[in-house]
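See below for the structure under consideration.
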Amino acid sequence: MTQRRSTHRRRPQPNIIAVLFAMLAFLCLPALFAFAHAEAVPQTARSRAAYEAQASGVKAALAEKGLALGSPVFLQITKQPAELTAYVQDTDGLFQPYRTWPVCAMSGGLGPKMREGDLQAPEGFYTVRPGQMNPASSFHLSFNLGYPNAFDRANGRTGSFLMVHGSCVSVGCFAMTDPVIEEIWTLMQAAYEGGQSDVKVHIFPFPMTQANMDAHSASEHAAFWQSLKPAWESFAASGKVASVSVRGGAYQVRGAQ
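Numbering-wise (the working numbering), the sequence shown opens with residue 435 and increments by one.
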């Protein structure tokens with residue numbers, strides 16, 4: 435006697451693990467979205483002490499210039515002369531010079547960083563977000579410039595952990611001494627807490643005047659420096675930071691933002 439094959443199909447059993455993961459993801463989504471939009475400056479006892487020590491003096495020095503602690507900040511670095519200038523935005527939306535400090539130590543020479551281990555400090559346009567601030571640096575306090583940026587990556591340039599930091603020793607970074615990095619940190623932390631999402635850092639080989647460009651026209655980096663020049667000129671003319679993007683492996687400067 436031939437047995438009839440049952441036409442009843444077993445219903446597929448739910449994958450319990452998949453269901454649990456889906457439920458967990460659903461419950462965690464609000465927290466994940468909140469975290470993505472709530473990036474804050476990391477802090478340690480050292481960074482808090484530095485901020486407390488510097489804030490009142492910085493606030494008073496800014497007030498003398500008609501500026502306020504917590505306003506947006508822009509940083510500009512040149513290698514020759516080796517200087518870092520902090521600009522703070524005024525009530526008209528223009529960046530005014532706050533203070534210029536000598537770079538205490540910087541390795542390498544004129545020209546961009548090309549590869550990991552070349553001991554060269556970078557040149558170009560960098561963005562520092564709150565999470566790139568390092569309050570537990572081996573060099574007192576520091577922030578990561580974000581090298582390699584989109585331009586660097588498009589041109590095959592390599593390297594990592596290029597910083598502006600305290601102390602007075604450099605292996606491809608910009609060392610500013612401990613008191614100076616505390617002052618810069620205070621400006622940046624207050625700006626982030628005031629609502630600035632990122633701080634632009636523009637690094638040039640020298641002031642991009644035509645005289646300096648002519649004096650270095652024979653350099654192998656002359657074409658690269660020409661691509662940096664419009665951002666320097668735009669800021670000098672407008673007091674606003676140029677909007678910079680990367681297209682086809684080249685910087686595109688679109689004027690002030």
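Quick reminder that beta carbons are idealized off the backbone N, C-alpha and C, glycines included.
| Asked | Found |
| --- | --- |
| Based on the DSSP output, what are the partners of TRP535 in its beta bridges? | LEU518 |
| Compare the beta carbon distance of VAL562 and GLY580 with 8 Å and say whether it is the shorter of the two. | yes |
| With DSSP run on the structure shown, which of helix, strand or coil describes ARG681? | strand |
| Any contact of the region 566-576 with the region 593-610, i.e. 3+ C-beta pairs under 8 Å? | yes |
| Look up TYR560 in the DSSP assignment and give the residues it is bridged to. | VAL635 |
| Does DSSP put SER481 in a helix, in a strand, or in coil? | helix |
| Straight-line CA distance for MET548 to GLY590? | 8 Å |
| Could you give the residue range of the alpha helix (DSSP H) that holds VAL614? | 612-627 |
| Residues in the same chain with beta-carbon distance under 8 Å from TYR521, minus the five sequence neighbours each way, listed in chain order, please. | VAL507, PHE508, LEU509, GLN510, PHE529, GLN530, PRO531 and TYR532 |
| For MET597, which beta-bridge partners are listed by DSSP? | ASN578 |
| With distances taken between CB atoms, is the gap from PHE559 to VAL678 smaller than 8 Å? | yes |
| Do the region 658-671 and the region 628-646 make contact, defined as three or more Cβ pairs closer than 8 Å? | yes |
| I need the boundaries of the beta strand (DSSP E) containing PHE585, first residue and last residue. | Where PHE585 is concerned, there is no enclosing beta strand (DSSP E), although the alpha helix (DSSP H) it sits in stretches over 584-588. |
| How long is the line joining the alpha carbons of ARG681 and SER490, rounded to whole angstroms? | 43 Å |
| With 16 as the cutoff for other CB atoms within 10 Å, does THR643 come out buried or exposed? | exposed |
| Nearest-angstrom Cα distance between SER651 and PRO582? | 26 Å |
| Can you find the residues in the same chain that come closer than 6 Å, C-beta to C-beta, to THR534, ignoring five residues on each side of it along the sequence? | GLU517 and THR519 |
| For ALA484, is the classification buried or exposed, using 16 other Cβ atoms within 10 angstroms of its Cβ as the cut-off for buried? | buried |
| Based on the DSSP output, what are the partners of THR512 in its beta bridges? | GLU517 and PHE638 |
| Tell me the DSSP secondary structure of ALA671 in three-state form. | helix |
| To the nearest angstrom, how far is the alpha carbon of GLN719 from that of MET647? | Only positions 435 to 691 of the chain appear in the structure, and residue 719 is not among them; the question remains open. |
| In terms of DSSP beta bridges, what is GLN660 paired with? | Answer by DSSP bridge pairing: none, since GLN660 is not bridged. |
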